[in-house]
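Chains as they are written, first to last, in my numbering: chain G, 1 to 178; chain V, 179 to 839; chain E, 840 to 990. By construction, the Cβ of each residue, glycine as well, lies at the ideal position given by its N, Cα and C atoms. For clarity, every value in this text was computed on a predicted model and none was experimentally measured.
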């Protein structure tokens, strides 16, 4: 009977390896899921006199999209975000990560601006606070300012339909805390 | 045209592999000599076609045929010829073809060196190797065809990854594959023995030289890889516990255990079931390694273009071959009888302990490598398992091996006398401790217990090894006669174990006493490190065949005398557009001096890293010594006496076992 | 690795400085910094430690670790800063938790199993009756037989 042990251990290993084929070893899950969004307050990209921070995120379901003009994948997801902005289902805010103001504004002008406003994170420190490690990333934040989901990588139509929109609808049903 | 020829040849090779496995295996089962006789010619034909296939691929590279996708992705007209040839195994598809070719090579070797092996056993061994060939070749033809064309052909290729454009890197994969794939021979012998029900010391005697040669190549491949990583990747490291490094190290550990276990099975008829299992494990780990590198399941520095479809194929292949073999083991192993008797303190038990330690080490590395995947699959989060874990777990497991490797050869079979041995060795024990402590205390200012312990173990190992050799020699009438009368395998063992001691010295001293500094240097300034002063002279422009470089010039002084001139480079490869740092090293038996350019700063100054690494070459010298030991052992006449009386069908060899110890 | 090289090349603002020059108040802090960045994993070039990686983010994270250590905090606190934001993935030394207990205890357990195996084997084999030694007559017969078989 004990001679079967190597075989059984092997089978167990193969099962895990097979599951492993469906996973992405590079993806780093966010420790903020279910936790309040990190505090920040940054100047806006467009209107430098004004700031944007957590207060603006309270009381509504919102998306925070981390983007940059130098990021190639951001261009990929941009049409999806533009469409989402047009539908006005959920406010989209931007976090402009380690960019130059002029380049960022030029990019928005050229490709369109789906954001209510974008915060300007020049040195990337706020990005680090949010656990950003690759651009683009998108956070779904609920009415209480708690992060409920993080999308690493571009938001594709599929991700939007299958993951983001259902979650946003669910979060809209939740009551706001007083 | 040439690529199509290669493609066709590969298909023919597959056909031959099918013949090589179906008929002989069925023939051995039915006792049909004609079917069994198909094995050798089919194997040789298979090799012939594989040779054509890989030559065609090489020619496509030499001729800069960019209409072949694989060539376009991995080569460039500016790439020097020798790298164009090496590009054959530079990426996934080509390296799989190399894998298949090397398997064909080992198969042909088995057909040549198996005179005296019974018809039935020979047919089974070749049959199993044929099954493995079928799997690999199907994989290449169905998912990873290097001969695919693209139209229109691009005007020039993508160039080879600059990291691979290096001598060490070009021979490292072939050597490794010779090792990995070579373990399939021991695997096939084990399966053949299980199928035929003949597990005896003759089986062990047959398997030993094959395992030894594969082990030698694997040792060489790993040593090369480590040395390459040191001088090419920078930052002075030589082992990163990266998943693919682990994937080569695990089969090595198990193959080492297998070598020792085969010795016991051959000489004493003990551990038969355990040895068979080790033979199965060793090659299984090779296949697992192939899976890990190419499936995308783990992130790794070595990962080839990873693709879950390919991963699935290899996983199924792995499941069939390894699962089948382990199932066969579960069925047949209970029937294996061995009647060896030995007491607790005996060579048998010490070798068994050695096996357990090596296998536990391999299993721990496997656990660490796959653990992140395990947790992720269970939805329990994502962790990383890196060098801190592996060194914490591996070093304590190795310590008993270092302590016992020199002692075990002196312990007799069956029953040893612990007290008498301890008395004989007592002075070596004290001496080693004293030397270890003394050298550390004298030479270096600080007391570091880990280093002392490591050094003491190395001295102990070397001393006991030499003493055991001496004990054998002095039984003869004169020194010369004593030296000549020892069989090569005794010297092989001595060299290999001394290699382990050298390796340990290298690791311990370089780990603890290396120094490094990162500084800003303007031309004319110097930095001192230990007894050495590194003077930066300036940077000049250098043009290479496919790169543009900034070359720094450094002079190293010790006291007043100049010791070396070092020229590190920062290369910019034109085609792929990336920058590589080429460190400059002044190698020495007792220390390496290492300089790497960082970034240009203001006013012609640069950030520079300098290193002083004592005894680091001993790490690879240790590896080379182990290799030498293996080669010396293989030259032993016993193995060449393969024209021995054939093994009976029942597995009882005619003639008694040899009485050598 | 290759991906990382391409990625760094694509950045418009290439400010790669894995060879940074850092100044510390004392050697102790320097040691802490250097030890720590070797044990942290780069999130972009995931096959390199934070010490070795050329990626932009790696540099930013090194800056963070540097300022935390300079301010007098110890290695654990600096590591915790990163773990709070990126999770356990960033540690090369897996923390000892319930989920990693198998990992850390596994090798030890395997060793115990192996040791007990050796013990049981040795007991079993040494208590078996030894084969009786050959008598002088039997030895002669054996020699005779050997000669007959030409060995």
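For residue i, the three-state DSSP class (helix, strand or coil)
i: residue 927(E); result: helix
i: residue 122(V); result: There is no way to answer for residue 122(V), as the model of chain V reaches only from 179 to 839.
i: residue 517(V); result: coil
i: residue 743(V); result: strand
i: residue 759(V); result: strand
i: residue 400(V); result: helix
i: residue 142(G); result: coil
i: residue 880(E); result: strand
i: residue 242(V); result: coil
i: residue 449(V); result: coil
i: residue 919(E); result: helix
i: residue 731(V); result: strand
i: residue 256(V); result: coil
i: residue 796(V); result: helix
i: residue 172(G); result: helix
i: residue 641(V); result: helix
C-alpha distance - residue i paired with residue j, whole-angstrom precision
i: residue 79(G); j: residue 115(G); result: 12 Å
i: residue 769(V); j: residue 876(E); result: 26 Å
i: residue 734(V); j: residue 801(V); result: 29 Å
i: residue 864(E); j: residue 907(E); result: 13 Å
i: residue 342(V); j: residue 330(V); result: 28 Å
i: residue 975(E); j: residue 986(E); result: 17 Å
i: residue 910(V); j: residue 414(V); result: Absent from the structure is residue 910(V), since the part of chain V shown begins at 179 and ends at 839.
i: residue 248(V); j: residue 309(V); result: 27 Å
i: residue 495(V); j: residue 884(E); result: 31 Å
i: residue 760(V); j: residue 749(V); result: 7 Å
i: residue 603(V); j: residue 645(V); result: 9 Å
i: residue 831(V); j: residue 376(V); result: Note that residue 831(V) has pLDDT 42, beneath the 50 cutoff, so the model's placement of it is unreliable and the number below is only indicative. Near 10 Å, if we compare the C-alpha coordinates of residue 376(V) and residue 831(V).
Own chain, CB closer than 7 Å to residue i, minus 5 neighbours either side, in chain order
i: residue 458(V); result: 365, 368, 503, 504, 507
i: residue 723(V); result: 256, 258
i: residue 626(V); result: 618, 690
i: residue 578(V); result: 535
Delimiting residues of the beta strand (DSSP E) encompassing residue i
i: residue 698(V); result: 693-699
i: residue 786(V); result: 784-792
i: residue 65(G); result: 62-67
i: residue 711(V); result: 710-721
i: residue 707(V); result: 704-707
i: residue 602(V); result: Not the beta strand (DSSP E): residue 602(V) falls in the alpha helix (DSSP H), residues 596-621.
Span of the alpha helix (DSSP H), counted from its first residue to its last, around residue i
i: residue 909(E); result: 895-909
i: residue 308(V); result: 297-321
i: residue 213(V); result: 211-214
i: residue 9(G); result: 5-20
i: residue 494(V); result: 486-496
i: residue 88(G); result: Counting along the chain, residue 88(G) falls outside any alpha helix (DSSP H), and DSSP gives it neither H nor E.
Contacting residues, own chain, Cβ-Cβ under 8 Å from residue i (five flanking each side not counted)
i: residue 344(V); result: 406, 410
i: residue 58(G); result: 143, 144, 145
i: residue 838(V); result: Residue placement at residue 838(V) is poorly supported in this model, since its pLDDT is 33, which falls under 50; the coordinates still yield a value, given next. Counting only Cβ-Cβ distances below 8 Å, and skipping sequence neighbours, we find 445, 665.
i: residue 285(V); result: 198, 221, 224, 225, 304, 307, 308, 311
i: residue 260(V); result: 348
Integer Cβ distance of residue i from residue j, believed to fall under 8 Å
i: residue 455(V); j: residue 429(V); result: Actually they do not touch by this definition, with Cβ atoms about 14 Å apart.
i: residue 774(V); j: residue 746(V); result: 6 Å
i: residue 181(G); j: residue 28(G); result: The question about residue 181(G) has no answer, for chain G in this structure spans 1 to 178.
i: residue 38(G); j: residue 925(E); result: Contact flag wrong, Cβ pair sits at about 12 Å.
i: residue 806(V); j: residue 699(V); result: Not a contact, Cβ separation roughly 41 Å.
i: residue 550(V); j: residue 561(V); result: 5 Å
i: residue 231(V); j: residue 191(V); result: 6 Å
i: residue 419(V); j: residue 632(V); result: Residue 419(V) to residue 632(V), Cβ: 19 Å. No contact.
Cβ-based neighbour list, residue i, same chain, cut-off 6 Å, excluding 5 preceding and 5 following
i: residue 533(V); result: 435, 439
i: residue 146(G); result: 36
i: residue 939(E); result: 933
i: residue 139(G); result: 64, 147, 150
i: residue 325(V); result: 181, 184, 185
Residue-chain proximity (residue i, chain A), Cβ-Cβ < 8 Å
i: residue 894(E); result: Of the chains in the structure shown, none is chain A; the protein chains are G, V and E.
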